Structure formats: C-alpha cells, structure tokens
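Same order as they appear, the protein sequences are chains R and P. Each residue of the first sequence is one higher than the one before, starting from 1 at the first, in my numbering. Each residue of the second sequence is one higher than the one before, starting from 1 at the first, in my numbering. Glycine included, C-beta positions come from ideal geometry on N, C-alpha and C. Predicted, not measured: the structure shown is a model, and the values here were computed from it. These notes concern the structure reproduced below.
There are 2 protein chains.
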Amino acid sequence: MATNSPRLTKMEELAKVAGVSVSTVSRALAGNPSINAKTRARIVDLAAKHNYQINENARNFRLQKTNVIAVVLMLDVKSEQHTSDMFFLEMLGAIADALSVQNYDLLLANSPMTNVLDIQSSRIFRQSDGIIFIGQGNQHEQLNEFSGLEKPMVVWGSNLPDRRYCTVGADNVVGGYLATKHLLNLGRKDIVFMGDINMPEPKQRFEGYLNALKEKGIKFNKRLQIDVPFEMSHASEAINDLLQQKISFDGAVCCSDLIALSAIAALTESGLRVPEDVAVVGYDDIALASYSSPSLTTVRQNIVQGGRILVQKLMAQINGDTVADSVLKTELIVRRSSGAW
Amino acid sequence: MATNSPRLTKMEELAKVAGVSVSTVSRALAGNPSINAKTRARIVDLAAKHNYQINENARNFRLQKTNVIAVVLMLDVKSEQHTSDMFFLEMLGAIADALSVQNYDLLLANSPMTNVLDIQSSRIFRQSDGIIFIGQGNQHEQLNEFSGLEKPMVVWGSNLPDRRYCTVGADNVVGGYLATKHLLNLGRKDIVFMGDINMPEPKQRFEGYLNALKEKGIKFNKRLQIDVPFEMSHASEAINDLLQQKISFDGAVCCSDLIALSAIAALTESGLRVPEDVAVVGYDDIALASYSSPSLTTVRQNIVQGGRILVQKLMAQINGDTVADSVLKTELIVRRSSGAW
DNA sequence: GGTAAAAATACAAACGATTGCATTTTGCTG
DNA sequence: CAGCAAAATGCAATCGTTTGTATTTTTACC
Chain R
1 MATNSPRLTK
11 MEELAKVAGV
21 SVSTVSRALA
31 GNPSINAKTR
41 ARIVDLAAKH
51 NYQINENARN
61 FRLQKTNVIA
71 VVLMLDVKSE
81 QHTSDMFFLE
91 MLGAIADALS
101 VQNYDLLLAN
111 SPMTNVLDIQ
121 SSRIFRQSDG
131 IIFIGQGNQH
141 EQLNEFSGLE
151 KPMVVWGSNL
161 PDRRYCTVGA
171 DNVVGGYLAT
181 KHLLNLGRKD
191 IVFMGDINMP
201 EPKQRFEGYL
211 NALKEKGIKF
221 NKRLQIDVPF
231 EMSHASEAIN
241 DLLQQKISFD
251 GAVCCSDLIA
261 LSAIAALTES
271 GLRVPEDVAV
281 VGYDDIALAS
291 YSSPSLTTVR
301 QNIVQGGRIL
311 VQKLMAQING
321 DTVADSVLKT
331 ELIVRRSSGA
341 W
Chain P
1 MATNSPRLTK
11 MEELAKVAGV
21 SVSTVSRALA
31 GNPSINAKTR
41 ARIVDLAAKH
51 NYQINENARN
61 FRLQKTNVIA
71 VVLMLDVKSE
81 QHTSDMFFLE
91 MLGAIADALS
101 VQNYDLLLAN
111 SPMTNVLDIQ
121 SSRIFRQSDG
131 IIFIGQGNQH
141 EQLNEFSGLE
151 KPMVVWGSNL
161 PDRRYCTVGA
171 DNVVGGYLAT
181 KHLLNLGRKD
191 IVFMGDINMP
201 EPKQRFEGYL
211 NALKEKGIKF
221 NKRLQIDVPF
231 EMSHASEAIN
241 DLLQQKISFD
251 GAVCCSDLIA
261 LSAIAALTES
271 GLRVPEDVAV
281 VGYDDIALAS
291 YSSPSLTTVR
301 QNIVQGGRIL
311 VQKLMAQING
321 DTVADSVLKT
331 ELIVRRSSGA
341 W
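Here it is as structure tokens:
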C-alpha cells in the first residue's frame with residue numbers, strides 16, 4: 001500500500017496530483033458531504049498513497065483550537081502527597097486513553113502550582129481546549145474563581161458546597177461508611193480515622209465514618225481522628241503516638257492504602273498483630289494492596305470509569321453544553337475472607 | 001499593576017495602542033536587539049497592562065514548531081508492567097519540571113504502543129519538536145529505525161549494542177553488581193536473581209550479578225535465575241515454585257522493589273524469615289521501599305537527574321548538536337543497618 | 001436540445017504572527 | 001548644515017488550512 005513517492009506536505013501538492021483545487025481536497029479530507037463521493041474516495045486514496053499528513057499547526061491556527069486537553073495534577077505540596085502518586089498515574093492513563101478515542105492529546109501541567117489561578121497566564125491555558133484538574137487540593141475557592149474564565153474545565157474531586165465548577169468523583173461519604181461499617185461488623189469498637197479532614201475528600205470520608213458509628217450507636221471519640229497527610233511516614237508516627245498515649249483501639253480506617261500500609265508496619269513493629277489486635281482498612285486499592293502481606297482490605301474508586309467520565313463531561317462543555325456533576329459508585333474490596341480481617 | 005482594559009488579543013491591537021507597527025511589536029516582544037530599548041520597554045509594559053498574550057497557535061504555525069515534547073511511556077504490555085508505574089510517574093514529573101524551565105510543554109503519548117514506529121503517523125509525532133521514550137520495552141530494533149526519522153529523540157534505558165539512538169540511563173551492570181555484592185558480603189551464597197533477562201535492563205543487571213559471583217568465586221546456578229516480569233503477582237508464584245522444588249537459597253536480587261516486596265510476602269507466608277533466612281534486595285527505591293516492613297534495601301537510580309539530562313540531551317539535538325549517551329551513577333541504599341540484612 | 005435547479009468544484013480571503021528588505025529617523029563628522 | 005552611516009521602524013509577503021461565495025458542471029424535465 002505504502003509507496004515511496006516523495007512525501008507530500010501541503011494540500012496544494014496533493015491537490016495538484018489529484019487535479020482538483022485545494023478547497024476540494026480540504027473538504028474531501030474533512031468528509032464534507034458537498035464533495036462527490038467518488039472524488040472524495042480518490043483523494044483519500046491519493047493522500048494515503050503519497051503519505052500526506054495534514055499540517056496540524058496550520059489547521060489549529062485556522063480553526064483557533066488545539067485539540068489538546070491539559071491535565072493539572074493538584075499535588076498538595078504542603079502535605080507532600082507524592083505517595084498517592086500511583087493513583088495519579090492510573091488516572092492519567094485512564095484519561096489519556098479516553099482522550100485518544102476523541103482524538104485529543106494530553107498536555108501535562110509542568111509542575112504543581114501553588115495557586116491554580118496562575119495557570120491562566122500559562123501556556124497550559126492558552127494551548128488547550130479544556131482543563132482537567134485531578135483533585136482539589138485545598139484550592140476550592142481558586143477553582144471557583146477559575147470557573148469564571150470561559151475555559152471548559154472539570155475537576156476530579158468531591159462535590160463541595162457552593163462549587164461553581166463541574167466535579168466528577170467517587171462517593172467519599174459512602175466509601176468512609178463502608179470501610180467503617182466493615183470494621184464494626186467485625187466487632188471492632190474503637191476505630192481510628194486516619195486522614196486530614198481539612199482536605200475535601202478525607203472530610204467526606206470522615207462523615208461516612210461518623211454515620212456508621214452513629215448507626216451502631218457508638219459515640220465518637222475525638223482523639224481517634226488524626227490529621228495525617230497522605231504521605232506515609234507521618235502515619236507511623238501517628239500510630240506510635242497513639243500507642244504511647246495508651247489510647248486503645250482495635251481498628252483503623254485509613255484515607256489511602258499507603259497510610260494503611262504504613263500504619264500496619266508501625267503496629268507490627270510495636271508487637272501488635274494485624275488484623276487480630278487491630279484491623280485496618282485502606283483506600284484506593286492500589287496494586288500493592290493486593291500483594292502486600294497481609295493483603296489489604298480497601299475501598300476502591302473506579303479510576304478507569306472516572307477518567308472516561310471526566311473526559312466525556314469536558315467534551316460536552318467544549319461543545320457548549322452544560323453538564324451536571326457525577327458521583328461514581330464506590331466499593332469495598334474485602335481481601336482477607338478469613339473472619340478476623 | 002493589572003488593569004481591566006479589554007484584553008488585547010492581537011498584536012495589531014497592541015501595535016495600535018503603542019502607536020507602532022506590528023513588526024515592531026513582534027520584535028520588541030521577542031527581544032530583538034534592533035528595537036530601541038526604550039520602545040521595547042514601553043511595548044512590554046503596554047502588553048502587560050493590557051493583558052496581551054501572544055497567540056501561540058499563530059506563532060507555532062509561522063515558526064513551524066510546537067514547543068512541545070512528547071513523552072512515550074514504553075509500558076511493556078505483554079509483561080503487564082503496571083507496577084513500576086511509580087517509577088514512570090516520578091520520571092514524568094522530573095521531565096516535566098526540566099522541560100518547564102526550557103519553556104516546553106509535555107505531551108503524553110496516549111497509550112502504550114505495540115510498535116513504536118506507529119508513532120510516526122500520529123499527532124504525537126507531528127505535534128512535537130522531539131520525543132522522549134521512557135524505557136525500551138523490547139523494541140530496540142524499532143527504536144533504531146525510528147532514529148532515522150529526522151525527529152530529535154532520546155531514550156531512557158540501557159546502552160544496547162548497535163544502537164543508533166541516544167540513551168540516558170542508570171548503570172544497570174553496576175546496579176546488579178552492587179545488589180549482589182551486598183548479599184555476598186553478608187555471607188549469602190545461593191542468591192536468586194529475579195528479573196526477565198530478555199529485557200534490556202534486567203539483562204544488564206544480571207550481568208552485574210554474574211560479575212559479583214565470579215569475583216567471589218561462586219559458580220552460577222542456572223536454576224536461580226527466574227524470568228519474572230516487573231509485575232508482582234508472578235514473583236510470589238516464582239518463589240513458591242522454588243520452595244516447592246526444594247531449591248534452597250538464602251538471598252534474592254530483585255529487578256524492582258515491587259518484585260522484592262512480593263517475594264518477601266511469599267517468603268513470610270511460607271514461614272521463612274526475612275532477612276534471617278532469605279535476604280532480599282530491591283531495585284528503584286520507590287517511596288514504599290523505605291516504609292514497608294521490614295524496610296527494603298534497594299538500588300536507587302537518580303530519577304530527577306535522569307529527567308534533567310534527558311531533556312538537556314534532547315534540547316541539544318533540537319538545536320542541531322549531536323549528543324553522546326549518558327550513564328548515571330547508581331547507588332545502593334542499605335536500609336537495615338542491623339547486620340543480618 | 002434548451003432551460004433551470006441542484007450538485008460539485010474553484011476562487012480568494014481570512015486566521016495572527018515573523019522576517020527580509022525598504023524606508024525613515026537619528027547621530028556624527030567635517 | 002550638508003552628507004552619510006547606523007539605528008530604528010515600517011511594509012508586505014508568507015506559513016497551510018478552512019470556508020463563504022462565485023462559478024462551473026451535471027441532472028432532470030418538457
């Protein structure tokens with residue numbers, strides 16, 4: 001099929017070869033119905049044969065669009081969230097896949113921003129048709145302001161009150177509830193909640209945690225909630241603190257698998273058995289969760305579906321539609337079927 | 001500083017405001033020395049004041065460049081390398097940072113390709129000024145062919161023989177050597193090598209492994225090398241296989257931290273103690289390595305430096321220079337200072 | 001076969017920047 | 001102050017598409 005004809009770089013050349021005008025070629029390649037079917041077929045064939053590839057730069061220029069979507073990873077610098085990284089990459093992959101179906105490319109925001117609004121003067125902003133924010137960090141207000149900027153955007157995160165932007169996210173309240181309920185059903189009573197409730201998502205999970213406690217008629221003990229960042233080293237410290245303070249607990253709901261793994265490590269180091277003495281539930285279901293020992297019961301967010309929906313909502317906005325938020329189903333993955341866990 | 005003047009979108013408008021011609025504005029903004037310093041300053045000020053931002057599309061079109069670098073993650077589909085993901089994301093971040101300094105954006109290749117050469121007809125190819133490949137997968141030949149395509153490119157990986165493309169990579173031979181040497185120094189004799197030696201990097205690490213053995217005068221036992229992919233589940237199977245076959249061993253050099261962690265899990269499940277019965281060394285030093293329990297001795301590749309050098313070499317090529325390969329120093333991170341480990 | 005309507009194609013003007021070259025302005029020197 | 005070189009600026013063509021409108025070709029009908 002492929003020949004070695006000198007590569008055609010301009011429509012003009014292809015037009016000459018085909019014996020038609022440039023505009024006909026343009027329309028033929030774009031599938032414009034006003035071009036005779038036979039002519040179109042002939043031109044498309046010739047294009048393939050001569051390995052013609054449209055000059056995307058010229059096209060974008062003319063059409064004033066980019067066919068690029070920017071993705072901004074809202075790494076929370078303060079809390080050194082390098083660790084939920086795995087989640088970010090999985091999400092990134094899911095989004096990239098969903099975008100490629102729509103013939104869009106993915107532009108990665110170069111570095112974690114301290115203020116989202118800075119983006120509006122960056123190339124990320126000008127060189128993209130829309131922006132996907134992964135996470136909200138603690139920039140809810142800035143995102144709200146950003147949404148006034150006439151730039152299609154969508155945010156992976158929780159549906160905070162007063163938001164003016166479209167969010168797609170897992171149901172964090174249900175997630176927190178499921179995790180806690182699971183431990184309660186195993187007979188645990190004193191359950192630690194490990195997660196920074198100043199951050200949107202942990203906050204909602206905490207709400208679910210409280211709901212589950214209330215349902216069982218258990219009173220919440222303030223000292224069992226610990227503002228631990230996603231970053232894991234702090235989690236072991238926190239556990240050690242608890243132990244030192246002789247605060248007793250027999251279960252832990254963690255806001256990431258890495259926190260959970262770190263907690264488990266700290267517990268075992270202190271001579272406690274997991275899950276016999278303290279049962280632990282994670283969040284995210286990163287690959288490692290299933291392979292670690294003991295393997296981890298965890299709450300799974302459907303990342304692939306999330307990526308797909310993010311893209312879909314963004315495309316809708318680009319096409320001028322208004323879109324509603326979307327809350328994805330969340331499920332509990334129970335890893336140790338043995339009773340104790 | 002910022003005013004609410006109606007945003008100027010074309011140079012023409014800015015030119016009118018400044019009372020000069022479009023070409024003068026263009027040159028002033030580009031820092032062309034033929035423009036009077038005072039005029040330039042005035043124009044730059046006006047641009048800021050009126051919030052003028054150049055139309056990057058038009059600029060790229062005119063200059064026939066993109067200011068975008070594409071990054072292709074060579075995820076090895078066959079071996080389901082989802083797990084060294086963490087490495088990929090860290091590298092991605094490092095590259096993005098290095099690129100942003102040079103005012104380049106990062107375009108992420110949408111999905112793992114089965115054949116690298118397919119890229120040449122994709123937008124990734126046309127819409128970028130250069131390409132960075134992360135890893136070689138098993139597409140050494142295709143990459144070689146690709147290098148004939150007049151597109152600046154650079155590859156993170158090992159310096160395979162007969163390569164025609166520029167590589168930047170850690171010293172895998174030394175890495176394998178260091179890991180093995182470490183175990184030998186601890187008195188271990190029967191050391192398993194876990195890694196698929198059909199892949200370039202594991203292959204070189206295996207070479208280092210053999211060197212270390214030879215140095216100690218230990219004969220290599222063929223049955224101790226296991227072609228385990230980076231993906232972790234296979235690692236525990238492999239360990240279980242060894243145990244079932246009653247092949248005895250007291251150490252393991254693993255080609256990724258995840259393989260290592262998986263191996264450790266399998267070992268402990270079988271009632272063996274780590275590191276007392278079997279000492280394990282990983283590779284990559286992912287964040288988890290330091291927090292897992294027991295914490296993991298591992299070989300670290302300097303990813304940030306790697307990203308920076310990749311970008312630097314690519315820029316050099318874009319500027320028409322020819323560049324040489326680069327091999328980064330590799331170091332062993334010993335985590336358990338206690339003698340046994 | 002002549003005519004008008006419909007279908008297919010061609011023409012030419014954008015899109016917003018850059019840049020070689022022409023032109024004007026400035027600065028110097030005798 | 002004339003004269004000229006150097007410095008500063010302006011003019012206009014150009015990059016490769018798309019698309020509104022003009023033009024040509026085809027079709028259908030009497």
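Along the segment 37 to 60 of chain R, the positions whose C-beta sits under 7 Å from a C-beta of chain P are Gln53, Glu56, Asn57, Ala58, Asn60, read in chain order. Only Leu258, Leu261, Ser262 from the segment 248 to 263 of chain P bring a Cβ to less than 8 Å from some Cβ of chain R.
For Arg223(P), not one C-beta of chain R is nearer than 8 Å to its own C-beta. Every beta strand (DSSP E) stretch that sits fully inside the segment 255 to 305 of chain P and reaches 3 residues is listed by chain position as 279 to 283, 297 to 301. Interface annotation, Gln317(P): not in contact with chain R, CB-CB separation never under 8 Å. Closer than 8 Å to the CB of Arg300(P) there is not a single CB belonging to chain R. Annotation: Gln317(R) to Ser158(R) spans about 19 Å, alpha carbon to alpha carbon. Taking the Cα of Asn185(P) as reference, the smallest distance to any Cα among Thr330(P), Val281(P), Gln244(P) is reached at Val281(P). For the pair Pro161(R) and Pro200(R), the Cα-to-Cα distance works out to about 10 Å. Straight-line measurement puts the Cα of Leu261(R) at about 39 Å from the Cα of Gln102(P).
Counting only Cβ-Cβ distances below 9 Å, Phe88(P) has contacts in chain R at Leu89, in chain order.
The alpha-carbon of Val228(R) is positioned some 36 Å away from that of Leu310(P). Ile134(P) sits away from Leu99(P), with the two beta carbons spaced by 8 Å or more. None of the residues of the segment 189 to 210 of chain P has a beta carbon lying less than 9 Å from any beta carbon of chain R. Apart from the 5 residues on each side of it in sequence, Leu46(R) sits with its Cβ closer than 7 Å to the Cβ of Leu14, Val17, Ala18 in its chain, given in chain order. With contacts defined by Cβ atoms closer than 8 Å, Val304(R) and Leu178(R) do not form a contacting pair. Within chain R, no residue has its CB atom less than 9 Å from the CB of Gln312(P), the nearest being about 16 Å off. Contact between Cys255(R) and Tyr283(R) holds, since their C-beta atoms are separated by about 5 Å, short of 8 Å.
If only uninterrupted alpha helix (DSSP H) runs of at least 4 residues are considered, those enclosed by the segment 193 to 257 of chain P are 200 to 216, 233 to 244. Within chain P, the residues placing a beta-carbon under 7 Å from that of Arg126(R) are Gln53, Glu56, ordered along the chain. Taking C-beta atoms as the reference points, Lys151(R) and Gly176(R) fail to come closer than 8 Å. Assignment of Ser23(R) by DSSP, reduced to helix, strand and coil, places it in the helix class. The C-alpha of Lys216(P) lies about 15 Å from the C-alpha of Glu207(P).
Comparing alpha carbon positions, the residue from Ala324(P), Ile247(P), Ala212(P) closest to Arg223(P) is Ile247(P). When Cβ pairs closer than 8 Å are counted between the two stretches, the segment 324 to 332 of chain R is seen not to touch the segment 20 to 36 of chain P, the count staying below three. Membership of Ile124(R) in the alpha helix (DSSP H) is indicated by the continuous run 123 to 126.
DSSP places Leu183(P) in the uninterrupted alpha helix (DSSP H) bounded by 172 to 185. Under the three-state reduction of DSSP output, Met11(P) falls in the helix class.
Residue environment: Ala212(P) is assigned as buried (16 or more neighbouring CB atoms within 10 Å of its CB, all protein chains considered). Shown here, Ile309(P) sits in a helix according to DSSP, grouped into three states.
The C-alpha of Leu242(P) lies about 36 Å from the C-alpha of Gly306(P). Counting along the chain, Ala70(P) sits inside the beta strand (DSSP E) bounded by residues 68 to 73. Just so you know, the alpha carbons of His140(P) and Phe146(P) end up roughly 10 Å apart.
The beta carbon of Arg273(P) sits no closer than 8 Å to any beta carbon of chain R.
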